[in-house]
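Colleague: Here it is: the structure, laid out below.
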Amino acid sequence: LRYLLTFFLRLRLNGFNVREYIETDALKAQRVATLKPHELYLFGCINNRVIGRQDASDFDYNKEPAPWGDDERYILKMDLYDDYLAFAARAKRGAPIADNAFGRWIKNTLGWKSYRHLAGSSAEKKLKVGIYWIVPGYESAKAKFAAAMKVNVDDDED
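Numbering (the working numbering), first residue to last: 6 to 163.
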């Protein structure tokens with residue numbers, strides 16, 4: 006026992022931090038299993054490479070989800086929130102967060118910007134009047150989400 010204690014006394018622990026831990030795939034999978042409903046909704050969108058609906062000018066839940074391409078796109082904030090509420094009702098995984106909290110989370114965590122489209126402005130965008138999220142391209146959004154949530158995101162095309 007004396008030799009063991011002497012060994013530990015002479016062991017150099019410079020640079021060792023007990024609060025740091027190894028980021029393993031199992032730890033990241035565990036984080037996915039404990040995502041909150043709004044985080045899980047966006048994880049599903051990224052994982053399936055879809056967001057919003059096919060035609061942003063006529064949001065309809067019967068339409069197929071729109072593929073998430075490499076170009077940025079505009080999605081009405083309320084349409085994205087309504088889609089999240091529909092997901093949360095199906096997932097039955099905790100109460101959904103309020104629309105203002107959902108918006109703050111997207112802005113602060115993912116860094117998405119807002120765009121307010123007024124009547125008569127930028128006719129070339131062909132958008133309805135409203136407040137939109139400027140959703141970045143898929144690869145950019147995927148990397149930002151994975152870094153913010155510390156999870157692995159494997160889309161279906163890999």
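In this text, a Cβ means the ideal position worked out from N, Cα and C, and glycines have one as well.
Using the beta-carbon count (16 or more within 10 Å), is Ala93 buried or exposed?
Modeller: For this step, residue 93 is matched to residue 88 along the sequence shown. When all chains shown are included, Ala93 counts as buried.
Colleague: Could you tell me if Ala91 is buried or exposed, where buried requires 16 or more neighbouring beta carbons within 10 angstroms of its beta carbon?
Modeller: Walking along the sequence shown from the start, residue 91 turns up at place 86. Exposed.
Colleague: Can you tell me the Cα-Cα spacing of Lys155 and Lys97, whole angstroms?
Modeller: Counting from one through the sequence shown, the residue named residue 155 turns up at place 150. Counting from one through the sequence shown, the residue named residue 97 turns up at place 92. Approximately 23 Å between the Cα atoms of the pair.
Colleague: DSSP three-state call for Pro42: helix, strand or coil?
Modeller: By one-based count along the sequence shown, residue 42 stands at place 37. Residue state, collapsed to three classes: helix.
Colleague: Check the DSSP bridge columns for Ser145 and list the partner residues they point to.
Modeller: By one-based count along the sequence shown, residue 145 stands at place 140. Answer by DSSP bridge pairing: none, since Ser145 is not bridged.
Colleague: Name the two residues that bound the continuous beta strand (DSSP E) containing Ala71.
Modeller: Residue numbering aside, residue 71 sits at position 66 when the sequence shown is read from its first letter. 70-72 is the span of the beta strand (DSSP E), which, as asked, contains Ala71.
Colleague: Taking Arg78 as part of the beta strand (DSSP E), name the residues at either end of that continuous run.
Modeller: To locate residue 78, count along the sequence shown from 1; it is residue 73. Taken as a continuous stretch (DSSP letters only), the beta strand (DSSP E) holding Arg78 covers 78-81.
Colleague: Check whether the stretch 69-85 touches the stretch 26-41, taking contact to mean three or more Cβ pairs, one atom from each stretch, closer than 8 Å.
Modeller: Contact fails: fewer than three Cβ-Cβ distances are below 8 Å.
Colleague: Would you tell me roughly how many angstroms separate the C-alpha atoms of Leu40 and Leu6, rounded to the nearest one?
Modeller: As a position in the sequence shown, residue 40 is number 35, starting the count at 1. As a position in the sequence shown, residue 6 is number 1, starting the count at 1. C-alpha separation (whole angstroms): 46 Å.
Colleague: For Pro141 and Glu44, what's the separation of their Cα atoms in angstroms?
Modeller: Mapped onto the sequence shown, residue 141 falls at position 136. Mapped onto the sequence shown, residue 44 falls at position 39. Looking at the two C-alpha atoms, the distance is approximately 17 Å.
Colleague: I'd like the span of the alpha helix (DSSP H) that includes Gly108, first residue to last.
Modeller: Residue numbering aside, residue 108 sits at position 103 when the sequence shown is read from its first letter. Unbroken alpha helix (DSSP H) run through Gly108: 104-110.
Colleague: Measuring CB atoms only, is the stretch 143-151 touching the stretch 82-90, in the sense that at least three cross pairs come out at less than 8 Å?
Modeller: The stretch 143-151 is not in contact with the stretch 82-90.
Colleague: Consult DSSP for Lys33 and reduce its assignment to one of helix, strand or coil.
Modeller: As a position in the sequence shown, residue 33 is number 28, starting the count at 1. The answer is helix: DSSP assigns Lys33 an H, G or I state.
Colleague: Let me know the secondary structure DSSP gives Asp63 once reduced to three states.
Modeller: Taking the first residue of the sequence shown as position 1, residue 63 is located at position 58. Note that Asp63 has pLDDT 48, beneath the 50 cutoff, so the model's placement of it is unreliable and the number below is only indicative. It is coil, neither helix nor strand.
Colleague: Tell me whether the beta-carbon of Leu47 lies closer than 9 Å to the beta-carbon of Ile139.
Modeller: Here residue 47 is taken as the residue at index 42 of the sequence shown, counted from 1. Here residue 139 is taken as the residue at index 134 of the sequence shown, counted from 1. Against a cut-off of 9 Å, the Cβ pair of Ile139 and Leu47 comes out as no contact.
Colleague: Considering Tyr4, what are the terminal residues of the beta strand (DSSP E) in which it resides?
Modeller: The structure shown does not extend to residue 4, since the chain is modelled only from 6 through 163, so no value can be given for it.
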